[in-house]
Amino acid sequence: MKTGIIGAMHEEILLLKKDIQRLKTEQFGSREFHSGTIDGKEVVMALSGWGKVAAASTATTLINHYQVDQLVFIGLAGSIQAQLHIGDIVVANQLIQHDVDLSRLEHFPEVKSPFWKDFSFKVLPQSEDKALQAVETFLANLKKGDYPAISKEYAPQVHLGAIGTGDQFIASKDGKMRINERFPQILCTEMEGAAIAQVGADYQIPCTVIRVISDKADEQAHDAFAEFLFENISNISVEIAKLIL
Ligand code: ADE
């Protein structure tokens with residue numbers, strides 16, 4: 003089983019590079035792909051950059067050039083629902099491109115593709131189970147003191163549900179409301195997950211998306227995001243990624 007691991011920013015995933023044995027780095031387009039093994043498991047890691055196009059392009063290279071068997075994305079998200087707090091972890095069971103709207107083209111038969119209405123993609127139950135197990139193990143190890151770089155005070159809730167993706171950093175009550183009115187099931191919002199899920203669906207490659215809540219997608223989102231990014235995320239995402247392998 004070869005796993006493609008994607009992060010949008012180096013703070014989110016690059017620490018993992020130091021754990022890759024037999025490291026080989028190659029460049030495709032503007033991106034570097036780091037391949038090798040972690041504890042005997044084959045991995046290829048890449049930074050996508052922000053947004054759906056960057057994520058889709060990265061996923062396509064991982065599938066076509068490296069022939070990965072699964073895609074894993076770990077990173078940050080803004081919460082849309084009040085019950086999600088900063089630091090909580092969301093495992094996707096569905097990924098929705100909240101900024102796609104073809105409703106005015108309803109009468110075009112070609113728009114009636116499998117995704118036409120809401121560009122929504124289900125996560126396979128086995129990928130979902132594996133991700134939930136990895137997060138639970140991460141939290142148990144954390145409690146035991148296995149991760150000195152992460153505060154033992156960190157005790158997040160874990161949520162399973164829909165993650166929304168759009169080419170927008172949401173930072174207002176209005177923006178949150180727009181997403182919530184159209185897709186009340188969306189727990190949190192980010193900028194890559196459902197693009198990777200669409201590429202995965204095209205090639206029948208299973209996808210896992212895990213997001214840590216960095217902000218509440220409201221007027222304070224920018225400051226909260228920056229603070230969380232620099233203090234916490236790298237060690238959390240790297241430990242969870244290793245457990246998924
Ligand atoms: N990633 C982290 N926070 C986000 C937000 N508020 N909107 C979009 N993507 C995000």
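When we follow my numbering, the leftmost residue of the sequence shown carries the number 3, and every step to the right adds one.
Note that CB positions come from ideal geometry on N, CA and C, so glycine has one too.
Asked: A157 Cβ short of 8 Å to ligand 1 heavy atom set; Found: no
Asked: Beta carbon proximity, Q23 to chain B, threshold 9 Å; Found: Protein chain content of the structure displayed is limited to a single chain, and chain B is not contained in it.
Asked: Stretch pair the segment 207–225 + the segment 76–88: three plus CB contacts closer than 8 Å; Found: yes
Asked: Ligand 3 heavy atom lying under 8 Å from the CB of S236; Found: By its list of ligands, the structure shown excludes ligand 3, since it contains just ligand 1.
Asked: Neighbourhood of A57 by C-beta, 6 Å cutoff - its chain only, sequence neighbours within 5 removed; Found: S50, E194, A197, I198
Asked: L25 CB to nearest heavy atom of ligand 1 below 8 Å; Found: no
Asked: Residue closest to K20, alpha-carbon to alpha-carbon, out of F75, P186, Y156, V45; Found: V45
Asked: Sub-9 Å separation of V92 and C190 beta-carbons; Found: yes
Asked: Chain-order list of residues whose beta-carbon lies under 6 Å from that of M3 (same chain, five-residue window excluded); Found: D71
Asked: Every unbroken beta strand (DSSP E) inside the segment 75–104 [3 residues or more]; Found: 91–99
Asked: Rounded C-alpha distance that separates Q96 from G163; Found: 6 Å
Asked: E192 Cβ short of 8 Å to ligand 1 heavy atom set; Found: yes
Asked: Residue(s) in a DSSP beta bridge with F35; Found: E28, A48
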